[in-house]
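These notes are about the structure you will find just below.
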Amino acid sequence: KNQVEQSPQSLIILEGKNCTLQCNYTVSPFSNLRWYKQDTGRGPVSLTIMTFSENTKSNGRYTATLDADTKQSSLHITASQLSDSASYICVVSAFEGGGADGLTFGKGTHLIIQP
Amino acid sequence: DGGITQSPKYLFRKEGQNVTLSCEQNLNHDAMYWYRQDPGQGLRLIYYSQIVNDFQKGDIAEGYSVSREKKESFPLTVTSAQKNPTAFYLCASSRSGQVIYNEQFFGPGTRLTVL
Chain A
473 KNQVEQSPQS
483 LIILEGKNCT
493 LQCNYTVSPF
503 SNLRWYKQDT
513 GRGPVSLTIM
523 TFSENTKSNG
533 RYTATLDADT
543 KQSSLHITAS
553 QLSDSASYIC
563 VVSAFEGGGA
573 DGLTFGKGTH
583 LIIQP
Chain B
2 DGGITQSPKY
12 LFRKEGQNVT
22 LSCEQNLNHD
32 AMYWYRQDPG
42 QGLRLIYYSQ
52 IVNDFQKGDI
62 AEGYSVSREK
72 KESFPLTVTS
82 AQKNPTAFYL
92 CASSRSGQVI
102 YNEQFFGPGT
112 RLTVL
């Protein structure tokens, strides 16, 4: 069964500090991996999408890495801001069928930035 | 202003009543999706539609129904048969039904509470 595990479940850091969120997956055959940011009570917004051949992808202060051999991804946030407080969701796609049933969602990491 | 809209933002329902959640998109996307989000869990797929007048069940379709009569609209009905309907419901769309190759765009969500 395809699975996506995210850690930690929750994280509290001070404004201005850096942090790294983890995503481990057992999805096969792998197609791509996405990171979403979800503000409380809102829909998720895409941060990055990485395919098998991409090791690193940045979007402003967000940098995602992918190690397809170990089936691990991380999302690094640099110089955190209060607006970074949100849940971060990892989504992994499998090639089978290509449809919506090929997406596996992680439970998310709840990040709180304190002033 | 392009995007996905969901209404209402908050919905309260008495046990035994059916309710319909609205989802509209003006992105000219072919595919639309409904997800359910519960605390501490990943998004779970309820129904999806790859094209007008066609839709498929997701992982947790029991107690829900949908229609896709227009490209821009994909309403979800939560029936009285759904045993635990209190949740946050998210609608999404993508350019095509081959969602593993296309970015999903999410609406702002509807929070349904059964009294």
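Residue numbers (our numbering), protein chains in the order written: chain A, 473 to 587; chain B, 2 to 116. Virtual Cβ for every residue (Gly too), placed ideally from N, Cα, C. Predicted model only: the values in this text are computed from it and were never measured.
Do the stretch 479–498 of chain A and the stretch 549–558 of chain A touch if we need at least three Cβ pairs shorter than 8 Å?
yes
Quick check on the burial criterion: 16 or more other C-beta atoms within 10 angstroms. Buried or exposed for B/Lys71?
exposed
Distance check for B/Phe75 and B/Thr21, CA to CA, integer angstroms please.
10 Å
In angstroms, rounded to a whole number, what distance separates the CA positions of A/Ser479 and A/Gly580?
8 Å
Run through chain A and tell me which residues come within less than 9 Å of B/Glu104, C-beta to C-beta.
Arg506, Ser518, Ile521
Against chain A, does B/Ile47 count as a neighbour if the rule is that its beta carbon must be under 7 Å from one of theirs?
no
Return the CA-CA distance between A/Asn496 and B/Asn103, expressed in angstroms with no decimal places.
22 Å
Name the DSSP bridge partner or partners of B/Asp55?
B/Ile52
Cβ of A/Ala536 within 7 Å of any chain B Cβ:
no
Can you check DSSP and say which residues form a bridge with A/His582?
A/Ser482, A/Ser559
Are the C-beta atoms of A/Lys509 and some chain B residue less than 7 Å apart?
no
For A/Thr498, count neighbouring Cβ atoms within 10 angstroms of its own Cβ and tell me buried if that reaches 16, exposed if not.
exposed
Pick helix, strand or coil for A/Val564, following the three-state DSSP scheme.
strand
When burial is assigned at 16 or more other CB atoms within 10 Å of the CB, is B/Thr114 buried or exposed?
exposed
So that I know if they touch, is there some Cβ in chain A lying closer than 7 Å to that of B/Phe75?
no
Taking only beta-carbon positions, decide if A/Arg514 is within less than 7 Å of chain B.
yes
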